[in-house]
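Worksheet: the structure to be examined is printed underneath.
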C-alpha cells in the first residue's frame, strides 16, 4: 500500500529538516523523502500549503479507561487525539482500577490497538494502588509496555519512597514522572494563592507547594542519578529549579501544558470551573517564565494533561468542582500561537511535541526518518476557527477556550500510513 | 434615582450612589420596626425563600422578619433538614424551589461564588446572605448604616477591622462599602490571618491591634473561630485574645467617642472582653436592629422598589 504526501512543508526537527519535500509511505513506513517523487500508483495526498510533521506525541493524557468511561474512554480519547493531530499518547494510571498491574496495562494496549485512533503508551503507577506506600511492580509493567511511572494526580509524599522509586525505575531504564506538590501546603486550596484568590474569597494554593516538592524531587534525582521528569511545571520557581539542575548535569526533564503558557489566574474570575485545574493557573510572571523556559530549552516537552470530566463534575460550586480540562484538540493552535508570536521557531515548537517527548519516553516515534513508522500530522497553520465545545471529539467538553478564536489545526492525521482523521 | 437591581450579589459591583440610595431607603423603613403593628403591605403576595446552607441566628431571622414586615410570604429552608443531605446538588435544589415561583431567593452558602452561580442559572432574584469567604453585602450595608447613625456620616472616618481577615466575607464587603462611601479602612490580625494582596482592595494592613486602632472612629472586631486553632493559624484563643482581643485599656487608644462593632456572634473573652462587649461604646445591638431595616430595603428594591408604591 503506497501513499504519497505531495508538496508539503516538511518539519522534522529530529533530522533537521524544514523544507518542501514529498514523502512516500509504503506499507505503513516512511520509504522516501525527496523533492518531486514519482510514485505511479500511490494514493496521493495533496499537502500544498500545509505543514507536515511527525505525528505529534502528547505524553500526559488521562484516558479514564478502565473504570471512568463516563468521562472518556480509549476510543473517544484517541479520536480526540487524532482530531488534534496527536498520533501517540502516554496515558496516566489513575484509572479504576489503577494501572499498577499487568492486566490493566495489557487491556489498555490491546483496546487501543483494536479500537483506538492513536498509539497508546501506558504510564504505570509508582506505588501500588496509588496509595503512596509500596512500590508497584515496575519491572513487569515495563515489560508489559509501560513507558514510565507516575502517581499523577498525587505526589509521592514520602521522601524515602520517592528515592527508592527513582532508583528502582532506573533499574529498568524508565523515567519517573513526578506530580510535584506538597499536599500539606496545598491545604485544600482551589486556585493560585494571590490577589485574585483573596478577592474571590477562594482558598489559595501557594507557589511554594509546587516549588518545594519540585526541589525535593530534583535533589533526589541528583542523588540517585535517575531520570526524573517533572510533570506540568507551572511556576517560575519550578522552571528555574529545572534550569539550574540541568546546568549541574542532573538527569531531569520537564513538560508544560498549553494552558500554563496561555492563561493566568485571571481566567478564574467569575468562578469559571473550566479554569480550575491542578496545578492551578498562575500569575503573569509565571506564564512568562514558562514561555521563556520553552524557548530556551529548559522545558523539554509540551503535554496537555488532557483531563476530561463529566459536566456534573464541573457544573457545581467552584470549591467542589473537579480539577482539569481537556486539551488534545487545542494543543496545536495554542502551540502555533507561540510561533506566531515569535517566541518559538516552528521547528522548536514541533520538537516540543515530537522527538523530545519520544526521547523522554524511549519510544520509536517522533521522526520522519526513512524506515520510521509513518505517523504523520498535516497541519494548516493559517486556518482560523472558533472552538465550539460541543464539536469536540472528546466525551467531555470541559475547556476554557470555548468561543475563542484559534488559528491552526490538523487537517489530516496518519497512523502507520493510514488516515485516522480527516478534517471535513 | 431609580434603582431596581435584579440581584444583590456583592458590594463590589454597586456604586457609591447606589449604596447611599440603599441606606436612605433603609432609613425610611426603620420606623416601622418600632410600631405596634410592624407591618406594611408593600410586598404583599410576594414569595421569599430563605435558603440557608450555613447556621445563622441574626442574618436569617433578620431577613425573615424583614420579609414578613413587608407582608411577603417567607419560607425558611435550612440545608440540614432538606434533601441536600441526600446528595441533591445546589443547582437542583435551587431549580426545584424556583419551580414553585418564588420572587426572591435569599441564600447563604459556604462556597464563595455560590450566589453568582445561582443568579446565572435562575430566573428569580438572588440576594446574597453570605457566600463562603467572598461577600456579605447586607452586613456591610447595616454596618455602614450604623456608623452613619452614630457618627452622622461615613465620609472621612477611619474604621479598623480586626480578626481573621483571610476567612472573612464581612471584611471584604466592608472594605468595598466603606471605601466607596469615603471612609478609610485599616485591617489587623496575626500574619497567618492576613491574605495576600488584601491592601489592593483598599485598606492599610497592620500586624498589631494597637497601631491599627490608634485614633480610629470605629473598631470592628471579627469573631475568631475556635475551630481555626487546629489549622495552625493561631496556637490558641488565649494567645489571640492577649494580643488581638479588645479590652478597655486598648480601646482607649481609639478616639474617645469611637464606636465598637461586631457582626456577631461574639466570643466573649476572645475578641472582646465582656466589659467592652457590655460597655457604653459598643453599638452591636444597634447593628442588629438596623439589620432588619437594611434588609427590608434590599428586599423592597429587588422586588420592584418605586413601582411598588403605586400598586
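Protein chains in written order, with the working numbering: chain L, 1 to 424; chain V, 425 to 735.
Positions of the beta carbon are idealized from the N, C-alpha and C atoms, including for glycine.
Computed from a predicted model, the values in this text were never measured in an experiment.
Here's a check: name, in chain order, each residue in its chain whose Cβ is nearer than 6 Å to the Cβ of residue i, leaving out the five neighbours to either side.
| i | result |
| --- | --- |
| residue 222/L | 250 |
| residue 411/L | 378, 380, 423 |
| residue 9/L | 20, 51 |
| residue 142/L | 172, 174 |
| residue 280/L | 191, 192, 205 |
| residue 478/V | 532, 534 |
| residue 540/V | 433 |
| residue 716/V | 457, 486, 489, 490 |
| residue 81/L | 89, 118, 328 |
Do you know whose CA, among the options, lies nearest residue i's CA?
| i | options | result |
| --- | --- | --- |
| residue 474/V | 682/V, 660/V, 486/V | 486/V |
| residue 104/L | 70/L, 69/L, 65/L | 65/L |
| residue 144/L | 123/L, 230/L, 129/L | 123/L |
| residue 328/L | 7/L, 59/L, 9/L, 343/L | 59/L |
| residue 57/L | 410/L, 356/L, 421/L | 356/L |
| residue 293/L | 264/L, 343/L, 337/L | 343/L |
| residue 361/L | 326/L, 205/L, 149/L | 149/L |
| residue 599/V | 436/V, 721/V, 459/V, 587/V | 436/V |
| residue 537/V | 203/L, 34/L, 142/L | 203/L |
| residue 666/V | 686/V, 685/V, 692/V, 544/V | 692/V |
| residue 664/V | 613/V, 585/V, 564/V, 716/V | 613/V |
| residue 179/L | 395/L, 170/L, 385/L, 155/L | 155/L |
| residue 662/V | 648/V, 559/V, 513/V | 648/V |
| residue 593/V | 457/V, 563/V, 521/V | 563/V |
| residue 404/L | 330/L, 419/L, 305/L, 214/L | 330/L |
| residue 276/L | 316/L, 247/L, 302/L, 289/L | 316/L |
| residue 635/V | 622/V, 609/V, 464/V | 609/V |
| residue 630/V | 641/V, 642/V, 586/V | 586/V |
Once the 5 residues before and after residue i are set aside, which same chain residues still bring their CB inside 8 Å of it?
| i | result |
| --- | --- |
| residue 444/V | 605 |
| residue 375/L | 54, 55, 87, 88, 119, 365, 414, 415, 416 |
| residue 424/L | none |
| residue 218/L | 228, 230, 241, 242, 245, 250, 252 |
| residue 726/V | 428, 429, 430, 431, 432, 528, 549, 551 |
| residue 396/L | 71, 72, 308, 309, 310, 311, 326 |
Excluding five sequence neighbours on each side, which residues of the same chain lie with their C-beta closer than 7 Å to the C-beta of residue i?
| i | result |
| --- | --- |
| residue 735/V | For residue 735/V, the predicted model reports a pLDDT of 45, less than 50, meaning its position is unreliable; a value from the coordinates is still stated below. So no residue of the chain qualifies. |
| residue 3/L | 25, 42, 43, 45, 417 |
| residue 392/V | The displayed coordinates of chain V run from 425 to 735. Any statement about residue 392/V would go beyond what the structure contains. |
| residue 371/L | 29, 30 |
| residue 15/L | 367, 368, 369 |
Do residue i and residue j have their C-beta atoms closer together than 8 Å?
| i | j | result |
| --- | --- | --- |
| residue 402/L | residue 380/L | no |
| residue 646/V | residue 700/V | no |
| residue 368/V | residue 201/L | In this structure chain V extends from 425 to 735, so residue 368/V is not present and cannot be described. |
| residue 696/V | residue 657/V | no |
| residue 582/V | residue 710/V | no |
| residue 620/V | residue 340/L | no |
| residue 679/V | residue 633/V | no |
| residue 466/V | residue 494/V | yes |
| residue 91/L | residue 63/L | yes |
| residue 298/L | residue 283/L | no |
| residue 394/L | residue 114/L | no |
| residue 94/L | residue 153/L | yes |
| residue 232/L | residue 266/L | no |
| residue 196/L | residue 268/L | yes |
| residue 565/V | residue 718/V | yes |
Just by C-beta distance, which residues in the region 174 to 196 of chain L are closer than 7 Å to chain V? 193, 194, 195
Within 9 Å of chain V by C-beta, residues of the region 143 to 168 of chain L in sequence order: none
Quick one: which unbroken alpha helix (DSSP H) runs of 4-plus residues sit fully inside the region 91 to 127 of chain L? Chain order, please. 102 to 115
Tell me which residues of the region 313 to 342 of chain L have at least one Cβ-Cβ distance to chain V shorter than 8 Å, keeping chain order. 315, 316, 317, 318, 319, 320
Residues from the region 532 to 544 of chain V in contact with chain L, defined by Cβ distance under 7 Å: 535, 536, 537, 538, 540, 541
Pick out the complete beta strand (DSSP E) segments inside the region 139 to 212 of chain L, 3 residues or longer, and give them in chain order. 148 to 150, 176 to 178
What are the residues of the region 556 to 577 of chain V that lie near chain L, defined by any Cβ-Cβ distance shorter than 8 Å? 556, 557, 558, 559
Where the region 609 to 635 of chain V meets chain L: residues whose CB sits under 9 Å from a CB there: 619, 620, 621, 622, 624, 625
Length-filtered (3 minimum) beta strand (DSSP E) runs lying within the region 487 to 517 of chain V: 497 to 502
Within 7 Å of chain L by C-beta, residues of the region 588 to 611 of chain V in sequence order: 593, 596
Quick one: which residues of the region 490 to 518 of chain V get their C-beta closer than 8 Å to a C-beta of chain L? List them in chain order. 513, 514, 515
Determine which residues of the region 237 to 270 of chain L have a Cβ less than 9 Å from any Cβ of chain V, and write them out in chain order. 270
Can you give me, in chain order, the residues of the region 198 to 226 of chain L that have a beta carbon less than 7 Å from any beta carbon in chain V? 198, 199, 200, 201, 202
Taking only runs of the beta strand (DSSP E) that begin and end inside the region 366 to 390 of chain L, which ones reach a length of at least 3 residues, in chain order? 376 to 386
Enumerate, from N- to C-terminal direction, the unbroken alpha helix (DSSP H) stretches of 4 or more residues contained entirely within the region 284 to 338 of chain L. 284 to 296, 311 to 314
What ranges does the beta strand (DSSP E) occupy inside the region 554 to 611 of chain V, keeping only unbroken runs of at least 3 residues that lie completely in it? 582 to 586
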